[in-house]
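Using the working numbering, you'd call the opening residue of the sequence shown number 733 and step up by one each time.
See below for the structure under consideration.
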Amino acid sequence: MTERIDCDVAIIGAGIAGAGIAAHLADAAGVVVLDQEKRAGHHSTGRSAAVFIQNYGNATIRGLSRESGRFFREGGARDFAVPLLSPRRILFVCDAATRAALDGLLAQSEGLREIGAREALQAMPILDPGWLAGAAIEEDASDIDVDAMHQGWLRRAREGGARLILDAPVERASREGGRWRIETPNGLVSSRIVVNAAGAWADEIAALFGARRLGLQPMRRSMAVLPAPEGHVTRDWPLTADAGDRWYVKPEAGRLLVSPADEDPVEPHDAYVDDMVLAEGLHRFEQAVTMEVTRVESSWAGLRTFAPDRTPVAGFDGSAEGFFWLAGQGGYGMQTAPAMSALAAALVEGRTPPAATESLIAALSPARFG
Ligand SMILES: Cc1cc2nc3c(=O)[nH]c(=O)nc-3n(C[C@H](O)[C@H](O)[C@H](O)COP(=O)(O)OP(=O)(O)OC[C@H]3O[C@@H](n4cnc5c(N)ncnc54)[C@H](O)[C@@H]3O)c2cc1C
């Protein structure tokens, strides 16, 4: 990009957040999506566990997930080449030390059913009966086809006339004639509105645009790919999560993905695994199962970026004109993406969202940080 591009809305970040809002805005506005990487989805979007769990996160997240669930299952799903969801049960398990955590989950959750050890072991035969002190199952959770959703939204945005510009890190920004002048090493974009969908870098982008940082904190989460234990067909195993958040395991393409469920605060960066954190997490997993971890085939880490109240941020900034936040999706950015993108697009366009969403808009607004 060497030319100067004029547009209505410049979106910084081509992850799921940027792609989703671009798809919603492109028919009615001139949209440019900028990403610093050579490939869209290089950061958190390409590194998720890709699951939809209704009983996850606080009340606002659950509301967004419920609304997104409707989109996934009904109308919006028709726009994609393949169904975006496929069934994947979630099994929460505990040992004696984390029984209270499982009870807490059961008390707060919808559609979560306590089950006995026999049923838990039938569902997940590698659990160690000596470790297991309780279990509960969520039957209607799902795997999300993240790539189909992400690529589908980018395609829809392009069909609406949006331009996706990769390898374009936003380095400087200023106001010029009531518009944003956005500088990348390869050229300039001038836009009326900027959407900050920069994931782990959202606070850095805010600072570039003269908006206040909100205290968004990127947290590292790691994943290891293990060979499936011999003699087992793992395809229909549930995602099994320790109720005490010490590990989870998900079957995937004949292998097991195991996460230490780490949540270590880090600076925004191209995340990589801390070998010690991974080894400790795999050790905790081994305590709960009868299989031995003999080989890690591969591993990766990604960043889950949280606002101080662990609720995403969507709305215009109070101090920087035309600067819109779409950030802080934490560990729920996939399962909440349909509802978040639709709501954020309505706010950017100045459309009045339904009255029922008033409290949701207040909960997501950057104004809540004072
Ligand atoms: C290990 C792991 C497991 C997860 N599992 C799940 C799950 O099962 N279900 C779920 O719902 N969510 C899950 N998540 C969370 C989900 O992945 C994130 O919430 C989501 O990807 C956030 O999307 P995003 O578009 O905001 O961020 P990103 O995908 O990180 O996109 C932000 C983009 O902004 C770009 N950018 C930043 N700065 C600049 C700049 N200066 N100029 C230009 N571009 C810039 C970056 O290059 C990046 O592409 C998981 C996350 C991790 C790490």
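Yeah, the Cβ is synthetic: ideal placement off N, Cα and C, and Gly gets one too.
Item	Value
Beta-carbon contacts of GLY942 that lie in its chain and below 7 Å, excluding the five residues immediately before and after	ALA1052
Same chain, Cβ closer than 6 Å to THR966, five either side skipped, listed in chain order	ALA960, PRO983
Where GLN1061 falls: helix, strand or coil (DSSP)	strand
Bounding residues of the alpha helix (DSSP H) (the contiguous stretch that carries PHE1017)	1007-1020
Per DSSP, cross-strand counterpart(s) of ASN918	DSSP output for ASN918 lists no bridge partner at all.
Beta-carbon proximity check, ARG736 vs GLY919, cutoff 8 Å	yes
Of the residues GLN854, HIS774, THR1084, ALA781, the one placed nearest ALA985, counting alpha carbons only	ALA781
Burial state of HIS775, where buried means 16 or more other Cβ atoms lie within 10 Å	buried
Any non-hydrogen atom of ligand 1 closer than 7 Å to TYR1064 Cβ	yes
Distance cut-off 7 Å: SER776 Cβ against heavy atoms of ligand 1	yes
8 Å Cβ cutoff, HIS756 in contact with chain D	The structure shown contains no chain D; it is built from a single protein chain.
Euclidean distance between Cα positions of ASP835 and LEU823	14 Å
Strand pairing of THR1037, partner residues [DSSP]	PRO950
Assumed close pair ALA889, ALA758 - CB separation to whole angstroms, cut-off 8 Å	4 Å
Backbone secondary structure at ILE785 - three-state DSSP	coil
Boundaries of the alpha helix (DSSP H) in which GLU936 is found, first to last residue	934-940
Closest residue to PRO857 among THR1084, LEU971, ALA751, ASP1049 (Cα-Cα distance)	LEU971
contact_flag[the stretch 947-956, the stretch 1082-1100] where n(CB pairs < 8 Å) is 3 or more	no
Length of the line joining the Cα atoms of ALA973 and TRP979	6 Å
Per-residue burial, TYR1004 [other beta carbons within 10 Å of its own, 16 or more giving buried]	exposed
Contact set for TRP1032: own chain, Cβ-Cβ below 6 Å, skip 5 residues either direction	ARG779, MET955
Uninterrupted beta strand (DSSP E) stretches inside the stretch 735-809 (no shorter than 3 residues)	736-744, 763-766
Inter-stretch contact (C-beta, 8 Å, three-pair minimum) for the stretch 878-896 and the stretch 736-755	yes
Inter-residue CB distance, THR1068 and LEU796 (contact presumed, cutoff 8 Å)	4 Å
Endpoints, the alpha helix (DSSP H) within which ILE1093 is located	1090-1096
Assigned exposure category for GLU903 - 16 Cβ within 10 Å defines buried	exposed
Beta-bridge partners of ILE822, as assigned by DSSP	GLU870, LEU971
Own chain partners of ALA1074 with C-beta closer than 7 Å, once the 5 adjacent residues on each side are dropped	HIS756
Identity of the residues DSSP links to PRO983 by a beta bridge	LEU988
ASP974 Cβ short of 7 Å to ligand 1 heavy atom set	no
ILE858 CB to nearest heavy atom of ligand 1 below 7 Å	no
Beta-carbon contacts of ASN790 that lie in its chain and below 7 Å, excluding the five residues immediately before and after	ARG1042, THR1043
Under 8 Å between C-beta atoms of SER923 and ALA742	yes
Opening and closing residue of the beta strand (DSSP E) in which GLY1047 lies	1045-1048
Beta bridge counterpart(s) of ALA956 as assigned by DSSP	VAL990, SER1031
Per DSSP, the bridge partner or partners of ASP875	VAL783, SER818
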